[in-house]
Amino acid sequence: MVQYHGAEAAQRFILTVMNMVYNMFQHHSLGIKVNIQVTKLVLLRQRPAKLSIGHHGERSLESFCHWQNEEYGGARYLGNNQVPGGKDDTPPVDAAVFVTRTDFCVHKDEPCDTVGIAYLGGVCSAKRKCVLAEDNGLNLAFTIAHELGHNLGMNHDDDHSSCAGRSHIMSGEWVKGRNPSDLSWSSCSRDDLENFLKSKVSTCLLVTDPRSQHAVRLPHKLPGMHYSANEQCQILFGTNATFCRNMEHLMCAGLWCLVEGDASCKTKLDPPLDGTECGADKWCRAGECVSKTPIPEHVDGDWSPWGSWSMCSRTCGTGARFRQRKCDNPPPGPGGAHCLGASVEHAVCESLPCPKGLPSFRDQQCQTHDRLSSKKKGLLTAVVVDDKPCELYCSPLGKEAPLLVADRVLDGTPCGPYETDLCVHGRCQVMCLLCVLGGGGFEEEAPSPPGRLVWGSRGLGRWGPLLQAHGQATPKSRWLQE
Numbered sequence: 001m002v003q004y005h006g007a008e009a010a011q012r013f014i015l016t017v018m019n020m021v022y023n024m025f026q027h028h029s030l031g032i033k034v035n036i037q038v039t040k041l042v043l044l045r046q047r048p049a050k051l052s053i054g055h056h057g058e059r060s061l062e063s064f065c066h067w068q069n070e071e072y073g074g075a076r077y078l079g080n081n082q083v084p085g086g087k088d089d090t091p092p093v094d095a096a097v098f099v100t101r102t103d104f105c106v107h108k109d110e111p112c113d114t115v116g117i118a119y120l121g122g123v124c125s126a127k128r129k130c131v132l133a134e135d136n137g138l139n140l141a142f143t144i145a146h147e148l149g150h151n152l153g154m155n156h157d158d159d160h161s162s163c164a165g166r167s168h169i170m171s172g173e174w175v176k177g178r179n180p181s182d183l184s185w186s187s188c189s190r191d192d193l194e195n196f197l198k199s200k201v202s203t204c205l206l207v208t209d210p211r212s213q214h215a216v217r218l219p220h221k222l223p224g225m226h227y228s229a230n231e232q233c234q235i236l237f238g239t240n241a242t243f244c245r246n247m248e249h250l251m252c253a254g255l256w257c258l259v260e261g262d263a264s265c266k267t268k269l270d271p272p273l274d275g276t277e278c279g280a281d282k283w284c285r286a287g288e289c290v291s292k293t294p295i296p297e298h299v300d301g302d303w304s305p306w307g308s309w310s311m312c313s314r315t316c317g318t319g320a321r322f323r324q325r326k327c328d329n330p331p332p333g334p335g336g337a338h339c340l341g342a343s344v345e346h347a348v349c350e351s352l353p354c355p356k357g358l359p360s361f362r363d364q365q366c367q368t369h370d371r372l373s374s375k376k377k378g379l380l381t382a383v384v385v386d387d388k389p390c391e392l393y394c395s396p397l398g399k400e401a402p403l404l405v406a407d408r409v410l411d412g413t414p415c416g417p418y419e420t421d422l423c424v425h426g427r428c429q430v431m432c433l434l435c436v437l438g439g440g441g442f443e444e445e446a447p448s449p450p451g452r453l454v455w456g457s458r459g460l461g462r463w464g465p466l467l468q469a470h471g472q473a474t475p476k477s478r479w480l481q482e
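All the letters of the sequence shown, read from the start, carry residue numbers 1 to 482 under the UniProt record's numbering.
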């Protein structure tokens with residue numbers, strides 16, 4: 001990719017693409033503002049010996065994932081302005097993306113229509129937090145957003161009966177030329193993301209400072225203000241291409257280009273980038289040519305008022321309740337900082353005393369949990385595992401080996417038989433009248449499938465499932481280009 005674009009142009013291109021990806025993850029349809037940060041941009045002028053990128057996409061993704069973990073994982077990761085051997089003060093990234101112009105297929109060693117591969121739910125996992133994306137021009141932003149969605153636990157919409165057959169970012173089929181205004185997230189993608197963020201496998205997303213000094217600043221302007229119609233044609237069809245002026249009246253619906261030596265204009269059906277000029281004091285926005293309006297100034301996000309308190313988690317004794325707020329008053333603008341502080345507060349709540357002789361709250365969960373067969377119900381007692389006080393372990397009477405019944409106990413369960421601290425969202429919290437949980441407050445563990453790869457195709461191809469193998473968030477991404 002660096003050889004094709006040149007180093008300076010490649011950096012300009014990828015940061016413009018990342019601005020588009022950032023805006024897609026800020027779309028209101030997602031329900032959660034996912035703040036994308038680029039903390040490291042590496043231009044590979046030569047292929048490292050231990051990195052193998054070829055036509056076989058699955059092997060290429062595996063090679064990249066191992067390579068990035070060895071080179072940049074953990075303590076060996078270097079900050080933006082540091083040199084080998086320097087002190088490392090930058091945390092490991094949450095996701096790593098490799099952008100290449102190599103035409104790869106999923107599990108065939110030959111070129112095909114595949115444009116992206118990712119591990120489902122792989123973000124935060126050292127050897128699965130990876131995306132492989134093909135630089136196919138202006139659609140690269142949509143490929144990256146789609147594959148990062150998979151990395152964040154989102155399935156294809158076609159995997160959900162309620163969302164199948166519709167046109168969204170996680171659709172199983174990509175339709176060329178669809179209007180940018182259709183690029184929203186489905187309710188199924190939103191639910192998948194919320195479930196993923198409630199699991200402990202996503203905890204690396206909860207410790208990110210959105211104002212990190214290591215973040216690479218993304219362009220503030222609309223992408224079409226960085227690339228003229230002529231430059232966009234050159235990205236699509238090569239350096240001898242120019243914008244087809246006699247199609248200017250239709251340009252916002254699809255970019256038409258004329259290649260030197262050709263008799264007629266051609267198009268890939270893709271609309272031009274938002275911000276592309278389409279007439280006097282007009283530009284393309286969401287597939288339409290409209291009058292120019294000022295770009296919003298740099299705006300930092302601020303919190304909305306706290307919502308109302310939830311009901312107490314218990315009907316008797318001591319429990320927990322929570323309330324939430326959103327970073328939308330106003331939401332952070334392009335390049336603006338996300339809100340600091342927690343989005344969830346928890347507080348202790350007291351109900352009427354529990355009747356005497358009633359089993360403990362933890363014992364009740366063991367005796368009534370629906371994962372247990374009817375023969376075992378009522379025959380189990382709770383066991384507190386010292387280093388996992390908020391997981392539900394139960395032991396058959398007269399037997400020593402406890403059984404893991406649930407990845408977390410119900411909110412308000414005491415952390416131990418003689419403790420006053422309570423379990424909230426799977427973590428032991430200090431008991432107080434009002435406790436604030438950092439990072440968004442969703443921290444529970446969900447069992448991971450043994451693994452899964454997902455990928456996408458260009459043109460009228462499909463974003464299809466590959467194989468069952470293993471899967472206010474702020475993913476920190478590393479972008480590598482060759």
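Yeah, the Cβ is synthetic: ideal placement off N, Cα and C, and Gly gets one too. Nothing here was measured: the structure is a model prediction, and the numbers come from that model.
Pull up the distance between the alpha-carbon of residue i and that of residue j, whole angstroms please.
{"i": "C252", "j": "K282", "result": "11 angstroms"}
{"i": "T315", "j": "E345", "result": "20 angstroms"}
{"i": "M20", "j": "A141", "result": "6 angstroms"}
{"i": "F243", "j": "A118", "result": "34 angstroms"}
{"i": "H220", "j": "Y22", "result": "11 angstroms"}
{"i": "M311", "j": "N329", "result": "26 angstroms"}
{"i": "L392", "j": "G357", "result": "21 angstroms"}
{"i": "E277", "j": "P223", "result": "11 angstroms"}
{"i": "H66", "j": "E350", "result": "50 angstroms"}
{"i": "L269", "j": "L255", "result": "7 angstroms"}
{"i": "L258", "j": "P272", "result": "15 angstroms"}
{"i": "R245", "j": "C233", "result": "12 angstroms"}
{"i": "T293", "j": "L30", "result": "25 angstroms"}
{"i": "residue 486", "j": "D158", "result": "With the chain represented from 1 up to 482, any question about residue 486 goes unanswered, as that position is not in the structure."}
{"i": "residue 502", "j": "F196", "result": "Outside the displayed range of the chain (1 to 482) lies residue 502, so it cannot be described from this structure."}
{"i": "R47", "j": "L183", "result": "34 angstroms"}
{"i": "N69", "j": "P417", "result": "42 angstroms"}
Let me confirm a value: residue i is counted as buried when at least 16 other C-beta atoms fall within 10 Å, else exposed. Which label applies?
{"i": "G438", "result": "Summary for G438: the model assigns pLDDT 36, below 50, so the residue's position carries little reliability; its value from the coordinates is reported in the next sentence. Per the 10 Å Cβ criterion, exposed."}
{"i": "V409", "result": "buried"}
{"i": "G165", "result": "exposed"}
{"i": "A28", "result": "Reading the sequence as shown, one finds His at residue 28 and not Ala. When all chains shown are included, H28 counts as exposed."}
{"i": "V83", "result": "Residue confidence is low: V83 scores 31 on pLDDT, short of 50, so the model does not pin down where it sits. Its coordinate-derived value is still stated next. The residue is exposed, with fewer than 16 neighbouring Cβ atoms inside 10 Å."}
{"i": "V131", "result": "buried"}
{"i": "S264", "result": "exposed"}
{"i": "S199", "result": "buried"}
{"i": "T39", "result": "buried"}
{"i": "G261", "result": "exposed"}
Looking only at its chain, what residues have a beta carbon closer than 6 angstroms to the beta carbon of residue i, apart from the 5 residues adjacent to it on each side?
{"i": "R101", "result": "M1, Y4 and D135"}
{"i": "N230", "result": "T242 and F243"}
{"i": "P402", "result": "V383, Y393 and S395"}
Going along the chain, which residues of its own chain have a beta-carbon closer than 7 angstroms to the beta-carbon of residue i, five neighbours each way excluded?
{"i": "M154", "result": "M170, S189, D192 and L193"}
{"i": "G73", "result": "P92 and A126"}
{"i": "residue 483", "result": "Past the edges of the chain, shown from 1 to 482, lies residue 483, and the structure says nothing about it."}
{"i": "S187", "result": "C163"}
{"i": "A10", "result": "M1, V2, L43 and Q481"}
{"i": "L404", "result": "E391 and Y393"}
When you compare the CB of residue i with every CB in chain D, is at least one pair closer than 8 angstroms?
{"i": "C278", "result": "The displayed structure is made up of one protein chain only, and chain D is not part of it."}
Can you give me the Cβ contacts of residue i inside the same chain, cut-off strictly under 8 angstroms, excluding the 5 residues immediately before and after it?
{"i": "C327", "result": "K33, G301, D302, W303, S304, H338, C339, S343 and Q472"}
{"i": "W306", "result": "R323, Q324, R325 and E345"}
{"i": "G279", "result": "E248 and C289"}
{"i": "N81", "result": "Because the pLDDT at N81 is just 29, under 50, the model does not fix this residue reliably, and the point stays unresolved."}
{"i": "P111", "result": "H55, D103, F104 and C105"}
{"i": "D421", "result": "P414, C415, C428, Q429, V430 and M431"}
Determine the DSSP secondary structure at residue i, reduced to helix, strand or coil.
{"i": "S184", "result": "coil"}
{"i": "K266", "result": "strand"}
{"i": "I14", "result": "helix"}
{"i": "Y227", "result": "coil"}
{"i": "C415", "result": "coil"}
{"i": "G57", "result": "helix"}
{"i": "F104", "result": "coil"}
{"i": "R128", "result": "coil"}
{"i": "L43", "result": "strand"}
{"i": "K388", "result": "strand"}
{"i": "W309", "result": "coil"}
{"i": "H5", "result": "helix"}
{"i": "C284", "result": "strand"}
{"i": "H346", "result": "strand"}
{"i": "W256", "result": "strand"}
Count the C-beta pairs between the segment 355–370 and the segment 381–390 that are closer than 8 angstroms, then say yes if the count reaches three, no if not. yes
Is the segment 93–110 touching the segment 49–63 in the sense that three or more CB pairs, one from each, lie closer than 8 angstroms? Taking 8 angstroms as the limit for Cβ pairs, the verdict is that the segment 93–110 does touch the segment 49–63.
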